[in-house]
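In the working numbering, the protein residues as written are 680 to 1216.
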């Protein structure tokens, strides 16, 4: 059986897996509309737990999250042990020990007792025979119902399912038998595939939620490729949020080199990519080199140009800085001599040549600003920086990306400052940066950015800190707000124990948080509230 250690490994395995099994084993039974969502909880299952790997895995463990997947009666249900369901039915009177239908059904999970169908699951050389009961499967999946009780019902007692991993198939059956979903990073994508195959929308949604909580710049491009395959628009939208805001990290990731051509083109033509064009060009070259290896071609400039095809013209070469173009693109060997000459002429000539490459710079993302003070002051009650830490805690109601902070400068004439800014979550430093800025002596704020935007999850408090060295006397904010709405994102503020210079909710420093907000189309619809807990095993 294939073993995956993290989501990135799994993504790559699935890419190869679908190439080998391009169609479902029961393709005639697949739904033409696979994107089904459960809005009510009648008859739907409960997510008891989502299991993630230990903390040394590359996939982060998610905190306690609220989500509309868990039905209201979960808290009343007893946990069920699946360690040895077969052993629990050895007693001739085993039914007497099961107090609910759910427990009695759970005893039949992966149990040969009364089984009337067997599945041989997995690719050749990695199969596992799994017993099941037609009635249970048919009540949980329209595909299984058609397979066993429809006009094209299967007559064989054993069915081969080579395009599904055994662990994923068992996760599906566990949900159908006992309304419990246990997901792990190394099986979640294959579980999403089998849930789509057999049209089990509640399980699909749980898989998508798990992937969203594990989404980072490192795996966003490859997850985008897979979400297109699975036709999951909400997951695609989340991937685009990360790719846009953290474009440099996403394009420099190993996962970017493993995406398919269609996904590559979608990324290269993206208007809102938030990075330099030279970064996009270098990432495309890395993808081309990887594609040459996949096609068993020598990695040289000619073959790289061949495998890139017309996707090369989606890179906006004329929008590069002249120095970047001269030192990178012009010397890469990818461009023809005529193309190189024409781009140089575009930079310098009055009569600019016509180019196949777009000359319009990408729009990128527009930073938004959250102002937490209603006014600023100086002189009365003079504020001094003194090299101490100014800190404030905040949380948001939507996922955002923190770009940096706005800071006050000198209230005693112009001055130079050295500053260290920092963002923490639960005591762990997510990002920090050392910078300098010049204060002109006005009450204007001065923006200091992190090297890369940092993803901030909703409903979790983060700590923003700044330590400044320079002119001691500075402006300071007053009439602070504990709640601020900025660009459809609600910020809540509270005092931080790390603040040793007097900054708090009502007054002090760090007057602004600079961020990229979620795009309107990325916002999920309002659904019922649920709790999904993550557990390390």
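Beta carbons are placed, not taken as given, at the ideal position from N, Cα and C, and that holds for glycine. In this text the structure is predicted, and so the values were computed from the model without any measurement.
Check                                                                                                                    : Outcome
Nonlocal neighbours in the same chain, by C-beta distance under 6 Å from residue 960, ignoring five residues either side : 994 and 1008
From 911, 893, 992 and 894, residue whose alpha carbon lies closest to that of residue 872                               : 911
Three-way DSSP call (helix, strand, coil) for residue 732 in this model                                                  : Low per-residue confidence applies at residue 732: pLDDT is 39, beneath 50, and the placement is therefore not dependable enough to give any value.
Identity of the residue in 967, 984, 1051 and 783 nearest residue 1169 by Cα                                             : 1051
Inter-stretch contact at 8 Å, needing at least 3 Cβ pairs: the region 1072–1087 / the region 1185–1198                   : yes
For residue 937, the nearest candidate out of 978, 904 and 876 (CA to CA)                                                : 904
Any non-hydrogen atom of the ligand MG closer than 7 Å to residue 1169 Cβ                                                : Looking at this structure, you won't find the ligand MG or any other ligand, since it has none at all.
Residues sharing a beta bridge with residue 1104, DSSP                                                                   : 1107 and 1141
Where the beta strand (DSSP E) containing residue 1073 begins and where it ends                                          : 1068–1075
Under 8 Å between C-beta atoms of residue 1049 and residue 1138                                                          : no
For residue 1130, the three-state DSSP class (helix, strand or coil)                                                     : strand
C-alpha distance - residue 908 paired with residue 830, whole-angstrom precision                                         : 29 Å
Secondary structure of residue 707, DSSP reduced to three states                                                         : Residue placement at residue 707 is flagged as unreliable, the pLDDT there being 31, under the threshold of 50; a coordinate-derived value is accordingly withheld.
When 914, 798 and 868 are compared against residue 812, the one with the closest alpha-carbon                            : 798
N- and C-terminal bounds of the beta strand (DSSP E) containing residue 1164                                             : 1162–1165
DSSP beta-bridge partners of residue 1099                                                                                : 1113 and 1146
C-beta contact flag for residue 1186 and residue 1155 at 8 Å                                                             : yes
Option in 781, 951, 774 and 793 with minimal Cα separation from residue 853                                              : 781
Residue 816 - DSSP class collapsed to helix/strand/coil                                                                  : helix
Sub-8 Å separation of residue 658 and residue 990 beta-carbons                                                           : Given a span of 680 to 1216 for the chain in the structure shown, any question on residue 658 remains unanswerable.
Own chain residues within Cβ distance below 8 Å of residue 707, not counting five before or after                        : Annotation note: pLDDT 31 at residue 707 (below 50); position unreliable, no value reported.
Cutoff 6 Å; reference residue 1128; Cβ partners in own chain excluding five residues on either side                      : 1082 and 1083
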